[in-house]
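Under UniProt numbering, the first residue of the sequence shown is numbered 1, with each subsequent residue one higher.
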Amino acid sequence: MGEPISLWPGEFREPGGRRIFVRQDHSGAAASGARTLYLHGLAGSAGNWTDLMGALSPELAGEAPDFPGFGKSPPPPEGEYGVDAQAACVVDLIRDGASPVHLVGNSMGATTAVRVAAEHPELVRTLSLISPALPDLWPRRIPYQMTGALIPVVGPAVYSRIQRRPAEVRVQGMLDATFYDPSSASADRVLDALEAERERDRHEYGNTAVLESLRGLVTEYVRFGRRSLWRQAAEVSCPTLLVYAGHDKFVNPRLARRAARTFPNNRLVLLTEAGHFPMMETPERVARELRAFLRVAAPSR
């Protein structure tokens, strides 16, 4: 991996009346690249995509929003944090510029991306899902434990206590949980993560955003019928890249087989030495896979 780069600059926008912060790589040659949206996961931010956006610039014109209530974005005015609310935000953001777009999501962001691609196929040119949080009846230990935070009264109190730990402790915990090799994280990315934690600490809605988004994700896991996520996955019409990680502590890599059987037009990649955040841990490898996928799926970009 090359020298670490700085966080991409950003600006506040108001698609659909929601004020969100969007980091972007639209300067110079990247301005002529294919518009690409990157969607972060639970408790994440646009900064999670820094290195992957850099690795794919100037080929792709990247935009990475902070979902409402995360990163620098204020909470949603309607107080809704579920997947439908996030999908509506993404749809408005896409319609605010050139479309269709290449849509890339990690974890919860991938969940949102599936809903957008299924319900608004005209807006999505290709779909890339990295460690997608799709329903699993046998969840891994960490996500199973996380749902304990939703127990009335007790859960939020325990989560608040955890969040009162020093930011350094929380960041190390995040790396231990999401990287195959936590020591591979660069000093720059660790500092970025520390600042992201401190940013969350400055806002009283920080814990609410995480807990309500988690609640929304659990709701999707038990949803049945036409809008269940696996049924919507089967309805995605655009080319889809599926990236799973062999050491993912949140998403069972065995789900890759089901995903490959479900998405109609897909390419499956298993990264054997990566955790839940491969776009942060091995950005150049993920970039190579995206390029190879796009050469076939969208040769004209």
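Even glycine gets a Cβ: it sits at the ideal position worked out from N, Cα and C. Since this is a predicted model, take the numbers as computed values, not measurements.
Proximity of residue i and residue j at Cβ, strictly below 9 Å
i           : j    : result
A64         : M53  : yes
A274        : T282 : yes
Q163        : N207 : yes
A234        : D201 : no
W230        : L134 : yes
F21         : G69  : no
R267        : F293 : yes
V171        : E197 : yes
P132        : A259 : yes
residue 390 : V286 : Residue 390 cannot be examined here, being either before or after the span of the chain that is shown, 1 to 301.
D136        : R13  : no
Proximity winner among the options, relative to residue i (alpha-carbon distances)
i    : options                   : result
M279 : T178, P299, L255 and A260 : T178
S160 : R267, E14, Y205 and K249  : Y205
H120 : P299, T240, A87 and R226  : A87
T219 : R231, S184, R200 and V83  : V83
V210 : G16, G41 and R13          : G41
M108 : N266, R288, R295 and G216 : G216
A297 : V222, L103, C89 and S183  : L103
R223 : C238, R115 and D176       : R115
Residues of its chain near residue i, where Cβ-Cβ distance is below 8 Å and the 5 sequence neighbours each way are ignored
i    : result
P9   : R23 and Q24
V153 : Below a pLDDT of 50, predicted positions are generally treated as unreliable, and V153, at 49, falls in that range; no measurement from the model is reported.
A118 : Q232, A233, E235 and V236
Inter-residue CB distance, residue i and residue j (contact presumed, cutoff 8 Å)
i    : j    : result
I130 : A110 : 6 Å
S213 : Y81  : 5 Å
6 Å CB neighbourhood of residue i in its chain, flanking five on each side removed
i    : result
A30  : With a pLDDT of only 49 at A30, under 50, the local geometry of the prediction cannot be trusted, and no value is derived from it.
P74  : R19
L123 : I94, S99 and P100
L271 : A245 and P278
D51  : P283
Nonlocal neighbours in the same chain, by C-beta distance under 7 Å from residue i, ignoring five residues either side
i   : result
G28 : Low local confidence applies: a pLDDT of 45 at G28 is under 50, so the model's placement there is unreliable, with the coordinate-based value given in what follows. Around G28: P58.
D66 : I20, F21, S45, A46, K72 and S73
Jot down the residue ranges of each uninterrupted alpha helix (DSSP H) in the segment 263-301, minimum 4 residues, whole runs only, in chain order.
-> 278-281 and 283-297
Quick one: which unbroken alpha helix (DSSP H) runs of 4-plus residues sit fully inside the segment 201-274? Chain order, please.
-> 206-221, 229-233 and 255-262
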